[in-house]
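Chains as they are written, first to last, in full-length UniProt numbering: chain A, 1 to 101; chain B, 1 to 101. The structure under discussion appears below in the form of structure tokens.
There are 2 protein chains.
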Amino acid sequence: MLTIQLENVVRKNAENTERIMRNAIGYVVSNNALGTVIQSTFDNSTSGGITKLISGVLVPTARSAVRDLDTTNDLAFLRIATRKFEYLVAPEKEFTIVVMQ
Amino acid sequence: MLTIQLENVVRKNAENTERIMRNAIGYVVSNNALGTVIQSTFDNSTSGGITKLISGVLVPTARSAVRDLDTTNDLAFLRIATRKFEYLVAPEKEFTIVVMQ
């Protein structure tokens, strides 16, 4: 079910996905409810770390901040620029996509 | 001292600042050590909320995640896209600049 939803999102956004992935280092897709990795181009340790720290901690913290500041607002997308690369985070309802570029 | 540093940053980035502010709803500059508002275009309540939740909670959480994932990396910039607008966050050493656009 989740895989079908994910495939639909990827298909609907095929053009954007392709454009993003052209410059990407890699990506991780994780299951929000379970906190598990669904798809990844990284090794287990990196995938798990990104899922835990970004999808599991940072996204909920960002969502809480946005909602606390305006109860009618919600988080749409997160970009974390670092010295070395950028994390692009798309928080969907069932899963979270993190692209490193 | 802090005000001089801030003025230097603004002056050095005058062109970018002007370009950013053209589309901005407003901004808050806060003191990292004290957690206080230095400059703001918003009312006290909004400025305090942004300083507390974004500069005080979200930025340290993002920095920790980035460093935990790669100890030689560091947070450079944060963009929080919401349904209504976007928060652009520049975490400097002494102060944090949050622009809403």
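Every residue gets a Cβ at the ideal spot worked out from N, C-alpha and C, and that includes glycine. Bear in mind that the values here come from a model prediction, so they are computed numbers and not experimental data.
Residues of its chain near residue i, where Cβ-Cβ distance is below 7 angstroms and the 5 sequence neighbours each way are ignored
i	result
A:Ser-30	Thr-36, Val-37, Ile-38, Thr-51, Ser-55, Phe-95 and Thr-96
B:Gln-5	Glu-94
A:Val-28	Val-37, Ser-40, Phe-42, Ser-47, Ile-50, Thr-51 and Val-98
B:Ile-70	Reading the sequence as shown, one finds Asp at residue 70 of chain B and not Ile. Here the set comprises nothing.
A:Asn-73	Val-66 and Arg-67
Burial state of residue i (16 or more Cβ within 10 Å)
i	result
B:Ile-80	buried
B:Leu-58	buried
B:Ser-45	exposed
Pick from the options that is closest to residue i, judged by C-alpha positions
i	options	result
B:Ala-62	B:Thr-82, B:Leu-75 and B:Leu-53	B:Leu-75
A:Val-99	A:Pro-91, A:Lys-93, A:Glu-92 and A:Tyr-87	A:Tyr-87
B:Val-66	A:Asn-73, A:Gly-49 and A:Asp-70	A:Gly-49
B:Pro-60	B:Glu-7, B:Val-28, B:Ala-33 and B:Thr-72	B:Ala-33
Sequence-distant residues of its chain with Cβ nearer than 6 angstroms to residue i (five each side left out)
i	result
B:Leu-78	Ala-62 and Val-89
Close-in-space but distant-in-sequence residues of the same chain around residue i (CB under 8 angstroms, 5 per side omitted)
i	result
B:Arg-83	none
A:Gln-101	Ile-20, Asn-23, Ala-24, Ile-25, Phe-85, Glu-86 and Leu-88
Whole-number beta carbon distance between residue j and residue i, since they are thought to touch under 8 angstroms
i	j	result
B:Asp-43	A:Leu-53	No, B:Asp-43 and A:Leu-53 are not in contact; Cβ-Cβ is about 34 angstroms, not under 8 angstroms.
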